[in-house]
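These notes are about the structure you will find just below.
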């Protein structure tokens, strides 16, 4: 390839050297390098640079440590991991190729080692990435030799990946792609004859006036062996020419191989065929079929092919194997998915036709992370694994550590005073890591952290100290200390809008004595009062207007007043927490004031005797009561006390009382109507008893009615045991025939009574028995036992089973239950342990009935349990010394000030707890006035807050059935039960339906035959499971929180 700038520079330097060499006193001997008709990377190859051919950096960039070398004797160019990018400017002679040679004297073979990549940029003239126009062999040497060619796109000339007169490719992978050539041709490979041997070749041409994956100057003749995979794509034809192919293939009419039904191409090793109907063709050799067996050891999986003629390399045991090794490095949380897991030997594994196993991640230890192919992001302990053949698994453990942070600053949001609120919004907190670098966390309940700010009081003021508490929600971070302080400015709230203090005085009044104390909210703080400028209407004169600056007492002098005159006395009130507010004492002069009667309507039921009208007035008139016209038939009222007498229920249920406030010197008379709503009382039926009898061929009433119904008339109907089936009448049903009858009855109410609820009496007419002489037997009294009834002394007929009070059988006992004495039941003692529980077997506690010692029952005692951590410390041999072990723990506990303090807290917290209940939350309710609801589909409860929103993803301290406990609601609003992990701690939400289902457990709980202890003290740690520690009562619990079984069994709930 001829060069322009480079060659001119060389010529100039050569001429300069020649001149200097001819200067006086100097001699010059020239040794010119041999130039070859071969250009590589824009550089002409010479005898001097052929060992490591440099690239022309004006036009090309070489990446990595690969190199190109040339041997003129064998006419061989060797590319060893040679990666070149760029373009060589078109000069009309040598083209713009990465490799150019037009003379077969200099080049016949190109050797490919490792990964070789030749790339041209777009729009730099015609593109022939490899341009030889001679017979060339491209041959791979070593492991997985690969040649990748990307010819640039051009709008002015052709784009060709490889150009050769005749081309042979063998023992390598070649991926060649020609760019777009909008005004010319695009060809992946351009040659007259193409031979492919034991290679994987992909030849792709993009858009052009003619686009062929493989083509010649005209057409091409190609020959592919049965060990090669060949993929060819062109927008006009895949192959412009004919081809012999020893392997079967697939033809596609669509360039992107998207055909739903591509054509099958049979092998044609001896006859060249054309396939001009296809834009894409792929020939696949018949593969060697491996027969693999798999094994796994540690982090490595080995696949051994046992099929003959296998080409896989031999291992140290002379077996054909490939391996896949998993590695997983420890990391620190970064916010991105973990990337430390990798697989080695990938090329050999996939080259053997094996599918690369997918890395699966799973939480380990206390880390909860379900098996997933998605790498974890959060801090924790994990296991990475790969599995083949269903159950051959290699594993590697790793840890993602949280970032240790410290609080740098906290920023409070200034705000206006809010009554009783010491809460301050913290708009943000900044954090630093151990290297003092800032770490940005997101504030939010479902984000990285939450933060609260609290002042010691709610009052307004500047520079108030705020105690800041940060709660990390994201376990990927840790804080040694989660508190700090900042300051906030609390400005006064807006001035209060205060209603006028309206006063009505007689026009003759000469003084005003009022007060504006109490018109400001109780949280206003320290108050000051200042008089404004009085104003008036009419002839009245105002003087001496004054306000006491601390009490708010308002005084003024009036004169010359007349009816209808008004006086306005404005008072400005200053306060700690509100801006200056103004209230007007507005005085109206009148003949007499108007008084207002305050009285509530009354609701009563007919028969009530404790109902009355209560009325007051804001004036000073005496209160009296009277029945309003039209209501006298229904009520009476005491004129002085307002006590009501209910006489009758009106049709519309309403009667009325007129309340009067009498006229006084200062006030006119006032009246008000009070509504008395009267509802009917329920009628009370008479007593109805069954007339059970023996059939006597006569019709008789089925029941006997004693007394009269109160507030109504009796009616009867026959029916079933559950409902009346006939119409109610006033006639008592009568029957003759044998059978059981169900008599329904009710009292139908009068004008003042509603019907009573229907009730039923069952009556039996028995069959008449044949007369016989009773065989009377005396039955002495029998005392009841624990399980059997007793009876009083009586007589029985052995033939008809009737009972009698006398030996003659004249006084039959028709109600046998009156003589039967119920069994007294068992009365169990406290029980005795008859078999001790061990770590391997359950025990037995035996109870004895105090009424009958022959009656006993047994109760199973659960096996003793060890936690995983402590089972090694306390094996079964320590059972005999369990008490001493417990004592040791308690001694240690009492010796620890920290644990003793916890014990004191527990004693305080548990004092006064009702039996069978646990410690309440100790904090105010999260919501008041909301409602519980059930979710039948989820078999759980929901809670709707007083503002109408559903509790979601939050803890709620709630009152239910008289007790206040913690409950947790998930993102769907469902109350959770059973084990629950939250912010790195474990909790247990009680699943029993005992009236407080879902409450957070505290204290000792027996769960699945293991004892666990949950912090009982109200506060931020309440409900947390104790793990790997000693409980305040001296029991040892392991990493899983379970008691190790040493010492006395804890006292708690099942």
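Residue numbers (this note's numbering): 32 to 1085. Glycine included, C-beta positions come from ideal geometry on N, C-alpha and C. Only a predicted model underlies this, so the values are computations on that prediction, with no experimental measurement involved.
*Residue nearest to residue 1079 in terms of C-alpha spacing, selected from 1059, 1042, 1047*: Position 1048 of the chain shown, counted from the first residue, corresponds to residue 1079. Ranking 1059, 1042, 1047 by Cα distance to residue 1079 puts 1042 first.
*asked:* So, with DSSP's three-state summary, where would you put residue 382?
replied: Your numbering for residue 382 matches position 351 in the chain shown. Here residue 382 sits in helix by DSSP.
*Which two residues bound the contiguous beta strand (DSSP E) that contains residue 429?*
Position 398 of the chain shown, counted from the first residue, corresponds to residue 429. Residue 429 -> beta strand (DSSP E) spans 423-432.
*If you run the structure through DSSP and keep just helix, strand and coil, what is residue 849?*
Numbered from its first residue, the chain shown carries residue 849 at position 818. Three-state result, residue 849: helix.
*Which partner residues of residue 208 appear in the DSSP bridge assignment?*
The sequence position of residue 208 within the chain shown is 177, counting from 1. Residue 208 pairs with 181, 235.
*According to the Cβ coordinates, are residue 201 and residue 170 closer than 9 angstroms?*
Position 170 of the chain shown, counting from 1, holds the residue named residue 201. Position 139 of the chain shown, counting from 1, holds the residue named residue 170. Against a cut-off of 9 angstroms, the Cβ pair of residue 170 and residue 201 comes out as a contact.
*residue 686 and residue 662: beta carbons closer than 9 angstroms?*
On the chain shown, residue 686 is found 655 positions in, with the first residue counted as 1. On the chain shown, residue 662 is found 631 positions in, with the first residue counted as 1. Yes. Within cutoff.
_Going by DSSP in three states, residue 377 sits in which element: helix, strand or coil?_
Sequence index remark: in the chain shown, residue 377 carries index 346 (1-based). Looking at residue 377 - three-state DSSP - the assignment turns out to be helix.
_Backbone CA spacing between residue 253 and residue 299 [nearest angstrom]_ = Within the chain shown, numbered from 1, the residue matching residue 253 stands at position 222. Within the chain shown, numbered from 1, the residue matching residue 299 stands at position 268. The alpha-carbon atoms of residue 253 and residue 299 are separated by roughly 12 angstroms.
*asked:* Buried or exposed, going by whether 16 or more other CB atoms sit within 10 Å of the CB of residue 803?
replied: Along the chain shown, one-based indexing puts residue 803 at 772. Label assigned to residue 803: exposed.
*Ignore the nearest five residues each way along the sequence and tell me which others in residue 114's own chain have a CB closer than 6 angstroms to its CB.*
The sequence position of residue 114 within the chain shown is 83, counting from 1. 94, 95, 97, 148, listed in sequence order.
*asked:* By the three-class DSSP mapping on this structure, what secondary structure does residue 313 have?
replied: As a working note, residue 313 is residue 282 in the chain shown. Looking at residue 313 - three-state DSSP - the assignment turns out to be strand.
*Can residue 425 and residue 328 be called in contact, C-beta distance under 9 angstroms?*
In the chain shown, the residue the question calls residue 425 occupies position 394. In the chain shown, the residue the question calls residue 328 occupies position 297. Yes, Cβ-Cβ distance for residue 425 and residue 328 is below 9 angstroms.
*asked:* Buried or exposed for residue 626, going by 16 or more other Cβ atoms inside 10 Å?
replied: Here residue 626 refers to the residue found at position 595 when the chain shown is read from its first residue. Looking at its Cβ environment, which holds 16 or more other Cβ atoms inside 10 Å, residue 626 is buried.
*Leaving aside the five residues before and after residue 762 along the sequence, list all residues of the same chain whose C-beta is less than 8 angstroms from its C-beta, in chain order.*
The residue given as residue 762 occupies position 731 in the chain shown. Correct list, in chain order: 747.
*Which whole runs of the beta strand (DSSP E) in the stretch 679-722 are 3 residues long or more, in chain order?*
685-692, 701-710, 718-721
*Pair within 9 angstroms by beta-carbon distance, residue 1033 and residue 1065*: Residue numbering aside, residue 1033 sits at position 1002 when the chain shown is read from its first letter. Residue numbering aside, residue 1065 sits at position 1034 when the chain shown is read from its first letter. Result no, Cβ atoms of residue 1033 and residue 1065 do not sit closer than 9 angstroms.
*Tell me which same chain residues have a C-beta within less than 7 angstroms of the C-beta of residue 197, skipping the five on either side of it?*
Residue numbering aside, residue 197 sits at position 166 when the chain shown is read from its first letter. Cβ within range, chain order: 166, 222, 223, 224.
*Spatially closest choice to residue 830 from 394, 840, 824, 360, by CA coordinates*: Within the chain shown, numbered from 1, the residue matching residue 830 stands at position 799. Its Cα nearest to that of residue 830, the residue 840 stands out among 394, 840, 824, 360.
*Look at the Cβ atom of residue 556, then the Cβ atom of residue 490, and state whether they are nearer than 9 angstroms.*
Here the question's residue 556 lines up with position 525 in the chain shown. Here the question's residue 490 lines up with position 459 in the chain shown. Yes.
*Can you name the start and end residues of the beta strand (DSSP E) that residue 1009 belongs to?*
Within the chain shown, the letter at position 978 stands for residue 1009. Segment 1009-1013, the beta strand (DSSP E) holding residue 1009.
*asked:* Closest to residue 791 by C-alpha separation, out of 1016, 1026, 718, would be which residue?
replied: Counted from its first residue, the chain shown places residue 791 at position 760. For the set 1016, 1026, 718, the Cα lying nearest the Cα of residue 791 is the one of 718.
*residue 749 versus residue 712: straight-line alpha-carbon distance, rounded*: In the chain shown, residue 749 corresponds to position 718, counting from 1. In the chain shown, residue 712 corresponds to position 681, counting from 1. Rounded to whole angstroms, residue 749 to residue 712 spans 26 angstroms at the Cα level.
_Which of helix, strand or coil DSSP assigns to residue 517_ = Numbered from 1 along the chain shown, position 486 holds the residue referred to as residue 517. Three-state result, residue 517: strand.
_Reference residue 390, options 398, 383, 402, closest by Cα_ = One-based indexing of the chain shown puts residue 390 at position 359. Among 398, 383, 402, the Cα nearest to that of residue 390 belongs to 402.
_Bridge partners for residue 745 per DSSP, in chain order?_
Translated into positions along the chain shown, residue 745 becomes position 714. Residue 745 is bridged to 778.
*On the three-state DSSP scale, how would you describe residue 946?*
For the purposes of this step, residue 946 is identified with residue 915 of the chain shown, where counting begins at 1. Only weak support is given to the placement of residue 946: the predicted model assigns it a pLDDT of 46, under 50, and the question is left unresolved by the model.
*If residue 265 sits next to residue 244, beta carbons under 8 angstroms apart, how far is it from one beta carbon to the other, in whole angstroms?*
Position 234 of the chain shown, counted from the first residue, corresponds to residue 265. Position 213 of the chain shown, counted from the first residue, corresponds to residue 244. Indeed they touch by this definition, with Cβ atoms about 4 angstroms apart.
_Residues of its chain near residue 890, where Cβ-Cβ distance is below 6 angstroms and the 5 sequence neighbours each way are ignored_ = By 1-based counting over the chain shown, the position of residue 890 is 859. Only 876 meet the Cβ criterion.
*For residue 151: DSSP bridge partner residues*: Indexing the chain shown from 1 puts residue 151 at position 120. For residue 151, which the question treats as bridged, DSSP gives the partners 117.
*Do residue 183 and residue 153 have their C-beta atoms within less than 9 angstroms of each other?*
For the purposes of this step, residue 183 is identified with residue 152 of the chain shown, where counting begins at 1. For the purposes of this step, residue 153 is identified with residue 122 of the chain shown, where counting begins at 1. In this structure, residue 153 lies closer than 9 angstroms to residue 183 by Cβ.
_Rounded to whole angstroms, what is the Cα-Cα separation between residue 372 and residue 427?_
For this step, residue 372 is matched to residue 341 along the chain shown. For this step, residue 427 is matched to residue 396 along the chain shown. Answer to the nearest angstrom: the Cα atoms are 9 angstroms apart.
*Alpha carbon to alpha carbon, what distance is there between residue 964 and residue 981?*
On the chain shown, residue 981 is found 950 positions in, with the first residue counted as 1. On the chain shown, residue 964 is found 933 positions in, with the first residue counted as 1. C-alpha separation (whole angstroms): 10 angstroms.
_Touch test, the stretch 615-625 against the stretch 530-540, Cβ-Cβ under 8 angstroms, three pairs minimum_ = yes
*asked:* At the level of alpha carbons, what is the spacing between residue 494 and residue 701?
replied: Start at 1 with the first residue of the chain shown, and residue 494 comes out as number 463. Start at 1 with the first residue of the chain shown, and residue 701 comes out as number 670. The alpha-carbon atoms of residue 494 and residue 701 are separated by roughly 56 angstroms.
*When 783, 219, 324, 445 are compared against residue 422, the one with the closest alpha-carbon*: Residue numbering aside, residue 422 sits at position 391 when the chain shown is read from its first letter. Measuring from the Cα of residue 422, the nearest candidate turns out to be 324.
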